[in-house]
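**Q** Let me give you the structure first, and then I'll get to my questions.
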Amino acid sequence: MRVLIIEDDPDIAGNLGDFLESRGHLADFAHDGVTGFYRAVADDFDAIILDLGLPGLDGMCLCKKLRGEARRDVPVLILTARDILEDKLAAFECGADDYLVKPFALREVEARLKSLVARRCGRVVDSKLVFDRVVFDPANLAVTVEGRAVHLSRKCLRLLETLCRAPNRVHTRAELEHVVWGGEQLVSDTLRSHMHMLRRALTDSRGLSPIETVHGIGYRFAPPHAPQA
Ligand code: CA
């Protein structure tokens, strides 16, 4: 993950940065709100750790500007010393995704960031669901892989929709058969052959497909390179 840490306390910023880098992530820093805002807009971070009490522009205003004016949907984890319900509610109102009160455990920061980033891999952009190189638009049932339109049968679309509404969750064969075919009597190979078609259709130029078989159980939608939840 590439993480921007917007925090004016050099000890806290340093600890967070050292920890995240020791875990294989990349950390960037801003020590005041105005710099933080510009860095967040100018660069493409996977997540932002945001302190509330900042010189220049406070964390809540920064978050609001990021979502409003700059229209950025990068996940924001708020860190603050204020353990007050009103503050937490206000942070969510401003568009924050999660909230941790100081003092916090560094491992919890990382766990929360990972979870935010994983959720974003199924993020909604203009009502489309974006998963790595596969984009599904539920409004008009259009699918693209690396920008190329993919034509799927109604049953395959229904399967894809079911799977990608809950990425990384294992769907049993019985569940998928029920959702797509209702009470219809199926020959034993029907689901398997549809999943085969779907997997092939969604395979990208790297040879990777988000459709994964979970042997003996069913299938799951696991976009390549998406951090696992
Ligand atoms: Ca502060």
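Take the sequence shown: its position 157, counting from 1, is numbered 948 in our numbering, and each next residue is one higher.
From the three backbone atoms N, C-alpha and C, an ideal C-beta is built for every residue, glycine too.
Just so we're clear, the structure is a prediction, and the values are computed from it rather than from any experiment.
Compute the Euclidean distance between the alpha carbons of K946 and H985, then round it to the nearest angstrom.
**A** In the sequence shown, counting from the first residue as 1, residue 946 sits at position 155. In the sequence shown, counting from the first residue as 1, residue 985 sits at position 194. So the two alpha carbons sit approximately 8 Å from each other.
**Q** With a floor of 3 residues, list each beta strand (DSSP E) that falls wholly inside the region 838 to 920, ordered by position along the chain.
**A** If we require 3 residues or more, the beta strand (DSSP E) runs fully inside the region 838 to 920 come out as 838 to 842, 867 to 871, 889 to 892 and 914 to 916.
**Q** If you run the structure through DSSP and keep just helix, strand and coil, what is R960?
**A** What you label residue 960 is simply residue 169 of the sequence shown in a count that begins at 1. In the structure shown, R960 sits in coil (DSSP, three-state: anything other than H, G, I, E or B).
**Q** Among residues of its own chain, excluding the 5 on either side of T994, which ones have a beta-carbon nearer than 8 Å to its beta-carbon?
**A** Residue mapping note: residue 994 aligns to position 203 of the sequence shown, counting from 1. The residues are V936 and S1000.
**Q** Can you say whether G859 is buried or exposed, counting buried as having 16 or more other CB atoms within 10 angstroms of its CB?
**A** Your numbering for residue 859 matches position 68 in the sequence shown. So G859 ends up on the exposed side.
**Q** Any heavy atom of ligand 1 closer than 7 Å to the CB of D809?
**A** On the sequence shown, position 18 is the one that residue 809 refers to. Checking the Cβ of D809 against ligand 1 gives no.
**Q** So which of C955, A1013 and S813 has the shortest CA-CA distance to D1023?
**A** The structure shown does not extend to residue 1023, since the chain spans only 792 to 1020, so no value can be given for it.
**Q** On the DSSP letters alone, give me the boundaries of the alpha helix (DSSP H) that V978 sits inside.
**A** The count along the sequence shown starts at 1 and reaches residue 978 at position 187. Premise fails: V978 is in no alpha helix (DSSP H) and is neither H nor E.
**Q** Apply the 10 Å Cβ neighbour rule to H969 and answer buried if 16 or more other Cβ atoms are within range, or exposed otherwise.
**A** Locating residue 969 in the sequence shown gives position 178, where the first residue counts as 1. By the 10 Å Cβ count, H969 comes out exposed.
**Q** Report the rounded CA-to-CA distance for E798 versus R960, giving the unit in angstroms.
**A** Sequence index remark: in the sequence shown, residue 798 carries index 7 (1-based). Sequence index remark: in the sequence shown, residue 960 carries index 169 (1-based). One C-alpha to the other measures close to 35 Å.
**Q** Any idea what DSSP makes of E798, helix, strand or coil?
**A** The residue labelled residue 798 in the question sits at position 7 within the sequence shown. Three-state DSSP puts E798 in coil, outside helix and strand.
**Q** Indicate whether I1008 and L989 have their beta-carbon atoms separated by less than 8 Å.
**A** Reading the sequence shown from its first residue, position 217 is the one you call residue 1008. Reading the sequence shown from its first residue, position 198 is the one you call residue 989. Taking 8 Å as the Cβ cut-off, I1008 and L989 do not qualify as a contacting pair.
**Q** Between which residues of its own chain and L932 is the CB-CB distance below 6 Å, once the five residues before and five after are set aside?
**A** Within the sequence shown, the letter at position 141 stands for residue 932. Same-chain partners within the cutoff: L948.
**Q** What does a CB cutoff of less than 7 Å around Y890 pick up in its chain, not counting 5 residues either side in sequence?
**A** Here residue 890 corresponds to residue number 99 of the sequence shown, with the count starting at 1. So the list reads I869, K879 and A882, once near-sequence residues are dropped.
**Q** Suppose contacts are defined by Cβ-Cβ distances below 8 Å. Is L843 in contact with G850 by that definition?
**A** Within the sequence shown, residue 843 is the residue found at index 52, counting from 1. Within the sequence shown, residue 850 is the residue found at index 59, counting from 1. Contact: yes.
**Q** Closer than 7 Å: is that where the CB of G824 sits relative to any heavy atom of ligand 1?
**A** By 1-based counting over the sequence shown, the position of residue 824 is 33. Flag unset: Cβ of G824 not near ligand 1.
**Q** Just checking, does the region 798 to 812 make contact with the region 895 to 903 on the three C-beta pairs under 8 Å criterion?
**A** Yes, the region 798 to 812 touches the region 895 to 903.
**Q** In this structure, what does DSSP give as the bridge partners for F1012?
**A** Taking the first residue of the sequence shown as 1, we reach residue 1012 at position 221. Answer is I1002, bridged to F1012.
**Q** Would you kindly report the start and end of the unbroken alpha helix (DSSP H) that includes F828?
**A** Looking up residue 828 in the sequence shown gives position 37. F828 -> alpha helix (DSSP H) spans G824 to A833.
**Q** What's the C-alpha gap between A861 and D802?
**A** For the purposes of this step, residue 861 is identified with residue 70 of the sequence shown, where counting begins at 1. For the purposes of this step, residue 802 is identified with residue 11 of the sequence shown, where counting begins at 1. Going from the Cα of A861 to the Cα of D802 covers about 29 Å.
**Q** Considering T935, what are the terminal residues of the beta strand (DSSP E) in which it resides?
**A** To locate residue 935, count along the sequence shown from 1; it is residue 144. That run of the beta strand (DSSP E) goes A933 to V936.
**Q** Just tell me which of M792, Y1010, V867 and I875 has its CA closest to the CA of G886.
**A** Numbered from 1 along the sequence shown, position 95 holds the residue referred to as residue 886. Checking every option, the nearest Cα to that of G886 belongs to V867.
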